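J.:
So, in structure tokens, the structure goes:
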């Protein structure tokens, strides 16, 4: 018996490599359309990896309008502003001057962001031959830019969004690498259950598709090098998978108390029913092969939701398309689902969108909510060759019509942070 | 009814020392760690002071030398402070006394909550040699960066390194969060850890804040924005002219009172409540009327179920900038009226530790309660008449009760308040 407060998902907004709004993104994922292509945002032709999952045709000025706001926003902040706006519009409710303090904001944000062009300015002034000399900053002609400095601060996105939307309650930013978005939603769930807010705008945003971000992942050898076949480069659970594809984007969800949502006649996509959260305590880059860590997160999340593995019909897997991660993931699912493993349809939508890093968990939460609403398990695209170690019931070929009672979304981050969220069909909620 | 949450371990490292007792001794004796910057030649800089951690071998902070290559300076501080808090709690020895299956449960029910500075400009400078060599030609940069950048670059700079390495080292595998919310990251880590324990998501958790802000580019921008003093932090003083950076980490071990009592642990304090409020004012601006901190304090009082009159002392954010100290005073007045309890601030002693500032202040609020003394602010010469009357002083004061309020503020209009108690034995 789960006596905890029920929390409803009533609004969704997304900006992703497969669509600049939630509707387009969801349609692309159902169709298995890949958003992966040769990188065009900057000249990546010299990099060992030249492909990425970029947001395409995103006209920030048209979507956001306010030029002053744009000046204060990095590329990923812009995605966030658009996705958050869409989520609030979709929910049909937004903070006002009188209830802004009852709105919370929980976000999974990327690493400290310094735009490459801004980094070049500092390099030219302080390190013309490569070695940093701080006194270069003091030269009278150094073009100090206080706005660029503010944009680079770790909670700049949080500051920008709370200000823009007038959110004055509990506000936090979390960063647990690739688990950030999931952890942000888990935090939002707790903030609502504790009564610290009546509404929370929760999600994630990130863009590491820039020269330093791409370099960082290339150095780790974590990325697929299928430069000549970008569309199939991300193929989670396929035996020939060879790394993930770096993506970018944002997703936001509006969360509110179930009874209040019902009372105002809001459409409810799903119940955000449970959160589980663990540390693998294994290695910084590797996932434990036996699934230890993710197992605890999944079990906690199910217990938190008051559900058993039997009721899980869909799993949106972390499935990055790296060799070890996908295997560890399957080992964990096997342990948690037991005899019910074969009944749950499993897919990784990273097969189309690539890996949105700090935004991944938030985007995948939105996907779970949409999957429940429409009764469709989206396809695990670009899969051809089975890996016997990934023996789960994958959604192959095309998306699968399926009434989903409960969906589970996993996010596993570098460093071993594991987040698991459980979503429940609103028709099944008493 | 919430289960009672207690503190059973404390850890701290900053310019003022490597041990909680030593730092406290400096605070009550009026010693400040603010001095000339030594990490680069700042002789020509308009601001050349900070409270640096100097003369400390990295192996004193983290013994495992192999790990030094995998993490950055801020992580060394964080791992050290977290280890101190865990060690003091006696939980590691307690775990050794448990049966194997109880150890598994112990680990799964032990959480880690980190407040991380989130990153430094300096980490990006690792790309400068490749950028200089390629002279703005991105294609060439893409072909050559791997010759000069450490393959582990990303891992060294992950904001959640402390979270993960505390977990790996001590096998704490339970509920966790890494909060990157500028100055309030550390205090929010405490608040989230306490909330997780209250909700039964974990039985114990270490909360740690860590940051290493003293670098040229950060100092440069803060100074240009008028946020830094060239000399020292004069909280609430008529002549206050900004803040001064510090660096380091602080940590607290939290447990349910039931667990702590069952294993006869020494209880160092009790968590009573927390509140969090944003002013929605953008990165830099604060509201002059103190709306955000006032709401955070009221939320914390409500969470703790106590009245303003029960608060015995206030450790204010007191960062020494004209706008922050003035609006913080407004907030205190809005909650406590004309009769606030004795107020102090500690930043004059160890600088402004950014992501650590609130959790470090919490550690020394507990020390102040234990020693029944509200340390003075020695840099306070003349109280700003615009803030008077205000119970702040260069001389020590006496707490009105065994309860302390800690106020923490950060970029983005963030405000967090914590209430803690040290039971009068």
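Residue numbers (our numbering), protein chains in the order written: chain A, 137 to 566; chain B, 192 to 616. Cβ coordinates follow ideal geometry from the N, Cα and C atoms, glycine included. Being a predicted model, the structure only gives us computed values, none of them experimental.
(1) Can you say whether residue 137/A is buried or exposed, counting buried as having 16 or more other CB atoms within 10 angstroms of its CB?
(2) Answer with yes or no whether the minimum CB distance from residue 356/A to chain B is below 8 Å.
(3) Indicate whether the contact test is met: 3 or more Cβ pairs, each with one atom in the stretch 315-329 of chain A and one in the stretch 234-248 of chain A, closer than 8 Å.
(4) At the 8 Å Cβ level, is residue 369/B part of the contact set with chain A, yes or no?
(5) Hey, would you say residue 571/B sits closer than 8 Å to residue 436/B, going by beta carbons?
(6) Taking only beta-carbon atoms, is residue 423/A less than 8 Å away from chain B?
(7) For my contact list, residue 262/A and residue 433/A are in at a C-beta cut-off of 8 Å; report their separation, rounded to the angstrom.
(8) Specify the secondary structure class of residue 313/B as computed by DSSP and reduced to three states.
(9) Please report how far the alpha carbon of residue 489/A lies from the alpha carbon of residue 522/B, in whole angstroms.
(10) Can you list, in chain order, the residues of the stretch 580-607 of chain B whose Cβ is nearer than 8 Å to any Cβ on chain A?
(11) For a quick check, are the C-beta atoms of residue 462/A and residue 353/A less than 8 Å apart?
(12) Mark residue 254/B as exposed unless 16 or more other C-beta atoms lie within 10 angstroms of its C-beta, in which case mark it buried.
(13) Would you mind telling me which residues of chain A sit closer than 7 Å to residue 358/B, beta carbon to beta carbon, in chain order?
(14) Return no unless some Cβ of chain A is closer than 8 Å to the Cβ of residue 528/B.
(15) Taking C-alpha atoms, which residue in 217/A, 256/A, 364/A lies nearest to residue 301/A?
(16) Can the beta-carbon of residue 414/A be found closer than 8 Å to that of residue 423/A?
(17) Hey, could you find the ends of the beta strand (DSSP E) residue 369/B is sitting in?
(18) Work out the CA separation of residue 220/A and residue 507/A for me, nearest whole Å.
(19) Using 8 Å as the Cβ pair cut-off and three pairs as the minimum, do the stretch 378-395 of chain A and the stretch 532-540 of chain A touch?
(20) Determine the chain A residues that contact residue 243/B at a beta-carbon separation under 9 Å, and present them in chain order.
(21) Are residue 598/B and residue 543/B closer than 8 Å when you measure CB to CB?
(22) Measuring alpha carbon to alpha carbon, tell me which residue in 369/B, 412/B, 298/B is nearest residue 286/B.
(23) Exposed or buried, which one is residue 332/A when buried takes at least 16 other CB atoms within 10 Å?
(24) Go to residue 422/A, then tell me how far its beta strand (DSSP E) extends in each direction, as first and last residue.
(25) Does the stretch 219-237 of chain A come close enough to the stretch 144-154 of chain A that 3 or more CB-CB pairs lie under 8 Å?
(26) For residue 307/A, which residues in the same chain have their Cβ closer than 8 Å to its Cβ, ignoring the five residues on either side in sequence?
(27) For a contact meaning CB atoms closer than 9 Å, what does residue 326/A contact in chain B?
(28) Give me the chain A residues within the contact set of residue 468/B, using Cβ-Cβ distance strictly less than 9 Å, ordered along the chain.
(29) Along the alpha helix (DSSP H) that carries residue 548/B, what are the first and last residues, could you check?
(30) Between which residues of its own chain and residue 514/A is the CB-CB distance below 6 Å, once the five residues before and five after are set aside?
(31) Bridge partners of residue 202/B, per DSSP?
(32) Please specify which runs of the alpha helix (DSSP H), each continuous and at least 4 residues long, are wholly inside the stretch 520-550 of chain B, giving them in chain order.
(33) Step through the CB atoms of chain B and report whether any lies within less than 8 Å of the CB of residue 138/A.
(34) Taking the alpha-carbon positions, what's the residue 425/B to residue 265/A distance?
(35) Could you give the C-beta distance for residue 547/B and residue 443/B, rounded to a whole number, given that I count them as a contact under 8 Å?
(36) Can at least three beta-carbon pairs, one atom from the stretch 404-411 of chain B and one from the stretch 229-243 of chain B, be found at a separation below 8 Å?
T.: In short:
(1) By 1-based counting over the first chain, the position of residue 137/A is 1. Residue confidence for residue 137/A is low, a pLDDT of 36 falling below 50, so the modelled location carries little weight and cannot support an answer.
(2) Numbered from its first residue, the first chain carries residue 356/A at position 220. Closer than 8 Å to some Cβ of chain B, the Cβ of residue 356/A qualifies, so yes.
(3) Three or more Cβ pairs closer than 8 Å define a contact, and the stretch 315-329 of chain A meets that threshold against the stretch 234-248 of chain A.
(4) Translated into the one-based positions of the second chain, residue 369/B becomes position 178. For residue 369/B, the answer is yes, since a Cβ of chain A falls inside 8 Å of its Cβ.
(5) Residue mapping note: residue 571/B aligns to position 380 of the second chain, counting from 1. Residue mapping note: residue 436/B aligns to position 245 of the second chain, counting from 1. No, they are not a contact pair.
(6) Within the first chain, residue 423/A is the residue found at index 287, counting from 1. Answer no: the Cβ-Cβ gap between residue 423/A and chain B never drops below 8 Å.
(7) Start at 1 with the first residue of the first chain, and residue 262/A comes out as number 126. Start at 1 with the first residue of the first chain, and residue 433/A comes out as number 297. Not really, about 43 Å apart at Cβ, beyond 8 Å.
(8) As a working note, residue 313/B is residue 122 in the second chain. Here residue 313/B carries a helix assignment [DSSP, helix/strand/coil].
(9) For this step, residue 489/A is matched to residue 353 along the first chain. For this step, residue 522/B is matched to residue 331 along the second chain. Approximately 47 Å, taken between the alpha carbons.
(10) Cβ contacts with chain A: 601, 602, 603, 604, 605.
(11) By one-based count along the first chain, residue 462/A stands at place 326. By one-based count along the first chain, residue 353/A stands at place 217. No.
(12) Indexing the second chain from 1 puts residue 254/B at position 63. Here residue 254/B is exposed. Its C-beta has fewer than 16 other C-beta atoms within 10 Å.
(13) Locating residue 358/B in the second chain gives position 167, where the first residue counts as 1. Contact annotation for residue 358/B against chain A: 415, 417, 552 [CB-CB distance below 7 Å, chain order].
(14) Within the second chain, the letter at position 337 stands for residue 528/B. No, no contact with chain A.
(15) Indexing the first chain from 1 puts residue 301/A at position 165. It is 217/A whose Cα lies nearest to the Cα of residue 301/A.
(16) To locate residue 414/A, count along the first chain from 1; it is residue 278. To locate residue 423/A, count along the first chain from 1; it is residue 287. Taking 8 Å as the Cβ cut-off, residue 414/A and residue 423/A do not qualify as a contacting pair.
(17) On the second chain, position 178 is the one that residue 369/B refers to. Counting along the chain, the beta strand (DSSP E) containing residue 369/B begins and ends at 367-370.
(18) Along the first chain, one-based indexing puts residue 507/A at 371. Along the first chain, one-based indexing puts residue 220/A at 84. The C-alpha of residue 507/A lies about 20 Å from the C-alpha of residue 220/A.
(19) Contact between the stretch 378-395 of chain A and the stretch 532-540 of chain A is not established, with fewer than three Cβ pairs separated by less than 8 Å.
(20) Taking the second chain and counting its residues from 1, one reaches residue 243/B at position 52. Residues of chain A passing the Cβ test: none, with the nearest at roughly 15 Å.
(21) Taking the first residue of the second chain as position 1, residue 598/B is located at position 407. Taking the first residue of the second chain as position 1, residue 543/B is located at position 352. Their beta carbons are not under 8 Å apart, which means residue 598/B does not touch residue 543/B by this criterion.
(22) Within the second chain, the letter at position 95 stands for residue 286/B. It is 298/B whose Cα lies nearest to the Cα of residue 286/B.
(23) Start at 1 with the first residue of the first chain, and residue 332/A comes out as number 196. That one is buried.
(24) Locating residue 422/A in the first chain gives position 286, counting from the first residue. No beta strand (DSSP E) contains residue 422/A, which DSSP labels as neither H nor E.
(25) By the Cβ rule, the stretch 144-154 of chain A counts as touching the stretch 219-237 of chain A, because three or more pairs are nearer than 8 Å.
(26) Within the first chain, numbered from 1, the residue matching residue 307/A stands at position 171. If we look at residue 307/A and ignore the five residues flanking it on each side, its Cβ neighbours are 240, 241, 242, 294, 298.
(27) Stepping through the first chain from its first residue, residue 326/A is reached at position 190. Near residue 326/A (Cβ distances below 9 Å), the residues of chain B are 383, 386, 387, 390, 392.
(28) Translated into positions along the second chain, residue 468/B becomes position 277. Ordered by position in chain A, the residues that pass the 9 Å Cβ test against residue 468/B are 237, 304, 305, 306, 307.
(29) Stepping through the second chain from its first residue, residue 548/B is reached at position 357. For residue 548/B, the uninterrupted alpha helix (DSSP H) segment begins and ends at 548-561.
(30) Residue 514/A sits at position 378 when you count from the first residue of the first chain. Excluding sequence neighbours, residue 514/A sits near 165, 166, 483, 485, 535.
(31) The residue given as residue 202/B occupies position 11 in the second chain. DSSP output for residue 202/B lists 442/B as bridge partner(s).
(32) If one requires a minimum length of 4 residues, the alpha helix (DSSP H) runs lying completely within the stretch 520-550 of chain B are 538-541, in chain order.
(33) Taking the first chain and counting its residues from 1, the one referred to as residue 138/A is at position 2. Reliability fails at residue 138/A, whose pLDDT of 43 lies under 50, so the model's placement of it is uncertain and no value is given.
(34) The residue labelled residue 425/B in the question sits at position 234 within the second chain. The residue labelled residue 265/A in the question sits at position 129 within the first chain. Pairing residue 425/B with residue 265/A, the inter-Cα distance amounts to about 41 Å.
(35) On the second chain, residue 547/B is found 356 positions in, with the first residue counted as 1. On the second chain, residue 443/B is found 252 positions in, with the first residue counted as 1. Not quite, the Cβ-Cβ distance comes to about 12 Å (not below 8 Å), so this is no contact.
(36) Cβ pair count under 8 Å is three or more, so yes.
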